[in-house]
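Residues 400 to 480 in the working numbering are what the sequence shown spells out, letter by letter. Below is one structure, written out as structure tokens; comments come after it.
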Amino acid sequence: MSNEKLARLLAELNEELRDTPDLDAGTRELLGKLTDDIERLTDDDSPLERARQLESRIAADYPVAERIAREIADALAKMGI
């Protein structure tokens, strides 16, 4: 399933349940957590991409930190994240 379809389905679910007066607080909280999880998963900037961006920004001024950021990026890549 594409990220766009998943985002569209999530929006539909939120719209359907948004104004439901008898929806309990626990269910609303669970919906919020699911929304956050899916938005995080479908975010264009993955943790790997963020680590690589950080690595390139700090390379010239902070060589030790750049090496650590590269190791983090490599570890994330190996984890498939």
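C-beta: ideal position from N, C-alpha, C; glycine also. Keep in mind it's a predicted model, so treat the numbers as computed, not measured.
Contact annotation, residue 402 with residue 430: C-beta distance approximately 19 Å; criterion of less than 8 Å not satisfied. In terms of Cβ geometry, residue 416 and residue 422 form a close pair [threshold 7 Å].
In this structure, residue 468 and residue 448 do not form a Cβ contact; the two beta carbons are roughly 12 Å apart against a cut-off of 8 Å. Shown here, residue 479 sits in coil according to DSSP, grouped into three states, outside any helix or strand.
Minimum Cα-Cα distance from residue 435 among the listed residues 461, 464, 405, 462 corresponds to 405. The Cβ atoms of residue 476 and residue 465 do not sit closer than 7 Å to each other. In the DSSP assignment, residue 455 falls within the unbroken alpha helix (DSSP H) covering 446 to 457.
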